[in-house]
Amino acid sequence: MMLSKESNQMESLVGFLRGQAQAQYLSDSLAEAKPDIIVKIGLRKDSHSFAEARAAGFTEENGNLGDTWETIAGSDLM
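Going by the working numbering, the sequence shown opens with residue 3, and the numbers climb by one from there.
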């Protein structure tokens with residue numbers, strides 16, 4: 003993965019069932035190394051995984067959980 007030096011980048015992960023551990027790891031790792039990069043999960047809002055992601059600490063209010071297509075459109079890296 004290559005990250006630029008630009009600030010406020012967003013990396014997104016689509017799907018959560020198998021990606022939960024990866025999402026949490028990336029989020030935690032980048033929070034320490036590059037806090038200006040947001041790891042955002044993109045899911046269908048009516049999915050069971052959306053509720054699971056919220057329970058794991060990813061929220062729309064924090065900007066790290068959102069609709070699949072909106073998340074993809076706003077991402078710098080997938």
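Backbone N, C-alpha and C define an ideal beta-carbon position, used for all residues, glycine too. Here the structure is a predicted model, which is why all the values come from computation and not from measurement.
DSSP three-state assignment for residue i, whether helix, strand or coil
{"i": "residue 45", "result": "strand"}
{"i": "residue 30", "result": "helix"}
{"i": "residue 39", "result": "coil"}
{"i": "residue 13", "result": "strand"}
Whole-angstrom C-beta distance between residue j and residue i, which should lie under 8 angstroms
{"i": "residue 12", "j": "residue 42", "result": "6 angstroms"}
{"i": "residue 65", "j": "residue 40", "result": "6 angstroms"}
Residues near residue i by beta carbon distance below 7 angstroms, same chain, minus five either side
{"i": "residue 14", "result": "42, 44, 73, 74, 77 and 80"}
{"i": "residue 24", "result": "15"}
Contacting residues, own chain, Cβ-Cβ under 6 angstroms from residue i (five flanking each side not counted)
{"i": "residue 10", "result": "38"}
{"i": "residue 2", "result": "Examination of residue 2 is not possible in this model, given that the chain is present from 3 through 80 alone."}
Taking contact to mean at least 3 C-beta pairs separated by less than 8 angstroms, is the segment 46-61 in contact with the segment 12-28?
yes
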